[in-house]
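Here's the structure, in structure tokens; my notes come after.
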Amino acid sequence: DYAGKLQVHVVDDGSANRDLVGPVHKIFANDPRFRIILLAKNVGKRKAQIAAIRSSSGDLVLNVDSDTILAADVVTKLVLKMQDADVGAAMGQLIASNR
Numbered sequence: 052d053y054a055g056k057l058q059v060h061v062v063d064d065g066s067a068n069r070d071l072v073g074p075v076h077k078i079f080a081n082d083p084r085f086r087i088i089l090l091a092k093n094v095g096k097r098k099a100q101i102a103a104i105r106s107s108s109g110d111l112v113l114n115v116d117s118d119t120i121l122a123a124d125v126v127t128k129l130v131l132k133m134q135d136a137d138v139g140a141a142m143g144q145l146i147a148s149n150r
């Protein structure tokens, strides 16, 4: 439900199943809110995150994994928390559903 400007950076860090996820990349390729970053080889989660952050131009960054499902209001809630000058980072409550 976030009404502000939003950019989504999707990083594929050389996944072995790139042929399978290629059609998903194509769905969002022409949407200006999405940037697909295809790394040449698997460099690990941390370097993939850094690639997305370096590619971003926003004031705030929300990092999630490909299997993360966000509640509809989570971005709005986190942005509201970050408007407080005394807050340097915010996170939501994570609930694992695959355990």
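For the sequence shown, the numbering used here assigns the number 52 to the initial residue and increments by one for each residue that follows. Using N, Cα and C, we set each Cβ at its ideal position, and we do this for glycine too. Source: prediction; values computed, not measured.
Per DSSP, R69 is one residue of the alpha helix (DSSP H) stretching across 69-79. For R97, the uninterrupted alpha helix (DSSP H) run begins and ends at 96-106, by DSSP. According to the DSSP assignment, L90 belongs to no alpha helix (DSSP H) but to the beta strand (DSSP E) extending over 85-90. In this structure, A103 and V130 do not form a Cβ contact; the two beta carbons are roughly 18 Å apart against a cut-off of 8 Å.
The alpha-carbon of G55 is positioned some 10 Å away from that of V126. DSSP lists I87 as the beta-bridge partner residues of V61. Straight across, the Cα-Cα distance linking D64 with N93 is about 5 Å. Secondary structure of T127 (DSSP, three-state): helix. In the structure shown, the three-state DSSP call for K132 is helix.
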